[in-house]
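What follows is a short report on a single structure.
There are 2 protein chains.
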Amino acid sequence: MNSQHIKVACSSCNLRELCMPAGLDAGDLARIDAIVARRRKVKRRETLFRTGDPFTSLFAIRSGFFKTRVASEDGRDQVTGFQMAGEIIGLDGIVNDQHSCDAVALEDAEVCVMPFHQIEALSREVQALQRHVHQIMSREIVREHGVMLLLGSMRAEERLAAFLLNLVQRLHARGFSQSEFILRMTREEIGSYLGLTLETVSRTMSKFMSDGILDIDQRRVRIVDPEGLRRMINPPGC
Amino acid sequence: MNSQHIKVACSSCNLRELCMPAGLDAGDLARIDAIVARRRKVKRRETLFRTGDPFTSLFAIRSGFFKTRVASEDGRDQVTGFQMAGEIIGLDGIVNDQHSCDAVALEDAEVCVMPFHQIEALSREVQALQRHVHQIMSREIVREHGVMLLLGSMRAEERLAAFLLNLVQRLHARGFSQSEFILRMTREEIGSYLGLTLETVSRTMSKFMSDGILDIDQRRVRIVDPEGLRRMINPPGC
DNA sequence: CGTAGGCTTGAGAGGAATCAAGTGCGGTGG
DNA sequence: CCACCGCACTTGATTCCTCTCAAGCCTACG
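Each protein sequence line maps, in turn, to chains A and B. Here the first sequence stands for residues 1 to 238, where the numbers follow the numbering used here. Here the second sequence stands for residues 1001 to 1238, where the numbers follow the numbering used here.
Next comes the structure, spelled out in structure tokens:
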């Protein structure tokens, strides 16, 4: 049993500026609280949901780190994203009332369970919530456009640089260091996300280290030369 | 001046089963009609909207064919999708109240303009519409997952086969042939979408032709061996 | 203290990019 | 109506980036 019926108020959550309640006033906030029926703990390597599971709820990540992945019939799989605290997960399930990807915790995690029919009901009444739900979905679409650009037109070094900059930027928005962080995922998972093999990811990281751009110790990464990393994406030759 | 104030009812539109009104009953249909403020013609090569344009409306494609593309600072660009009649375009603009990609007509086209604030207002009242808007956005997210799988883990032949099968399937849903169709886009645009060069697209198509899977004459494509095309995606070796 | 999983590094192969001609269709203008 | 021109496309030769296969290391964990 990994569900718990602990009541926690969005209004007192330190993620409220990043998460579901973002942009809502105090009055509406109280009504959002009612949506978060319960919280659920997910242990490392466990799935929050899998492909084919009936869709009932969206999940707001309260702590921990997830990956989402899709699989094709022939066993190939592709990591479609890494999600961290304050981000909403499960949007893929809305179309067909069942999930079309797996969400796997990369470390022990806790999520707020938000039954979707309640979100819909409340967003019919609270315009700010309706707007916010639309924005969350649109943001995901735009994010994926960026991934398509990365996968479709960038070389290995550019992909990895873009990935690391994106990661550190999102972590920084959550109060972490601008330059130092711990990778929650393996080289293989990074590779899957970036359309590269784990060897290429490893080699590219080693190159960044010998170039003096990064300092890497296992999963610990320190960005020594942020400008150099940004230059990797927009090659000086262009 | 490429805007026209022609009033056309969704209720009498032959795309109503595929488009915005899908799944709505007769009563709600009438209310949707009110949303489609006007229609707009877009000539071949013209843009419906560009990156940075203020976002005001979603567009339902009534006729014609579009591509959407994103550009990075250094001039690279990536085709993020091809859209045909009945599909909704412009969802990228919701997050930041401005568009983050370009929509370009690949042939003379006509779209129904649906002011987004009106969609929001009506979907607060009509639950079926609310549900449908959510589904449209979720469908786009899931579609992009599929593209990420394609770009991240497939080889050139697999990508092209998946692309052609997807195209013919969508065309078939609109009453066109299951086996024969006209490509509305250039080899270069296909290549951009699939993360390949135009030469590789051309070579791969030639190979499919010499394998007896396709019959190609310029933009005209006939799928001779649909099963063979499907086998390209799931290689027998797996 | 042993082991397994994650990671690094090397060597070689291969698939797609790049560079380079050349073809042919469609549109334009004489 | 026909000739010319440009753009899209095809095809070939070569390069190169990344994958694949392989070996060994390190570290965390039991």
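We put the beta carbon where it would ideally sit given N, CA and C, even for glycine.
In DSSP terms, what residue i is bridged to
i	result
Lys41 (chain A)	A:Glu110
Thr68 (chain A)	A:Gly81 and A:Ala103
Gln130 (chain A)	Looking at the DSSP assignment, Gln130 (chain A) forms no beta bridge with any residue, so it has no partner.
Ser1057 (chain B)	B:Pro1115
Phe49 (chain A)	A:Ala103
Ile223 (chain A)	A:Leu214
Ser63 (chain A)	A:Glu110
Gln1169 (chain B)	Per DSSP, none; premise fails for Gln1169 (chain B).
Gln98 (chain A)	A:Pro54
Outcome for residue i when other beta-carbon atoms lying within 10 angstroms are tallied against a minimum of 16
i	result
Lys1043 (chain B)	exposed
His1005 (chain B)	Low confidence applies to His1005 (chain B): its pLDDT is 48, below 50, so where it sits in the model is not reliable, and the reading given next is rough at best. The residue in question, His1005 (chain B), is exposed, as its Cβ has fewer than 16 Cβ neighbours within 10 Å.
Leu172 (chain A)	Correcting the residue type first, residue 172 (chain A) is His in the shown sequence and not Leu. Looking at its Cβ environment, which holds fewer than 16 other Cβ atoms inside 10 Å, His172 (chain A) is exposed.
Ser1123 (chain B)	buried
Ser1012 (chain B)	exposed
Ser206 (chain A)	exposed
Gln1130 (chain B)	buried
Glu46 (chain A)	exposed
Thr1152 (chain B)	One detail in the question is off: residue 1152 (chain B) reads as Gly in this sequence, not Thr. Per the 10 Å Cβ criterion, buried.
His132 (chain A)	buried
His134 (chain A)	buried
Gly1064 (chain B)	buried
Arg1174 (chain B)	exposed
Arg187 (chain A)	buried
Arg40 (chain A)	buried
His1117 (chain B)	exposed
Three-state secondary structure (DSSP) of residue i
i	result
Ile1213 (chain B)	coil
Ala1034 (chain B)	coil
Ser1179 (chain B)	coil
Ile89 (chain A)	strand
Arg76 (chain A)	coil
Arg174 (chain A)	coil
Leu18 (chain A)	coil
Met232 (chain A)	helix
Thr197 (chain A)	coil
Asp25 (chain A)	coil
Thr1186 (chain B)	coil
Met1154 (chain B)	coil
Ala1009 (chain B)	coil
Sequence-distant residues of its chain with Cβ nearer than 6 Å to residue i (five each side left out)
i	result
Cys1019 (chain B)	Ala1060 and Gly1086
Gly1093 (chain B)	Phe1055 and His1099
Asp97 (chain A)	Phe55
Leu150 (chain A)	Arg159 and Ala162
Ser177 (chain A)	none
Ile1216 (chain B)	Met1205 and Met1209
Phe49 (chain A)	His99 and Ala103
Leu1167 (chain B)	none
Contact set for residue i: own chain, Cβ-Cβ below 8 Å, skip 5 residues either direction
i	result
Arg69 (chain A)	Asp77, Gln78, Val79, Thr80, Cys101, Asp102, Val104 and Ser192
Leu91 (chain A)	Leu58, Ile136, Met137 and Glu140
Leu229 (chain A)	Ala161, Leu164, Leu165, Phe208, Ile213, Leu214 and Ile223
Ala1030 (chain B)	Ser1011
Asp1074 (chain B)	none
Arg1170 (chain B)	Met1084
Proximal residues to residue i (C-beta, below 7 Å), its chain only, five neighbours per side dropped
i	result
Ala1009 (chain B)	Asp1033
Glu1189 (chain B)	Lys1067 and Val1079
Gly212 (chain A)	Val224 and Asp225
Ala156 (chain A)	Leu196, Thr200 and Thr204
Ile233 (chain A)	Glu158, Ala161 and Ala162
Val1126 (chain B)	Asp1028 and Arg1031
Asp1053 (chain B)	Gln1098 and His1099
Met185 (chain A)	Lys67, Phe82 and Leu106
Checklist entry - Between the region 1023-1040 of chain B and the region 1076-1084 of chain B, do at least 3 Cβ pairs fall closer than 8 Å? => result no
Next on the checklist: Whether or not the region 53-60 of chain A and the region 104-114 of chain A are in contact is what I'm after, with contact meaning three or more pairs of Cβ atoms, one per stretch, closer than 8 Å; do they touch?
Outcome noted: yes
Next on the checklist: If contact is defined by three or more beta carbon pairs under 8 Å, each pair taking one atom from either stretch, is the region 1204-1222 of chain B in contact with the region 1169-1187 of chain B?
Outcome noted: yes
Next on the checklist: For the structure I just gave you, are there three or more beta carbon pairs, one from the region 138-149 of chain A and one from the region 1140-1148 of chain B, closer than 8 Å?
Outcome noted: yes
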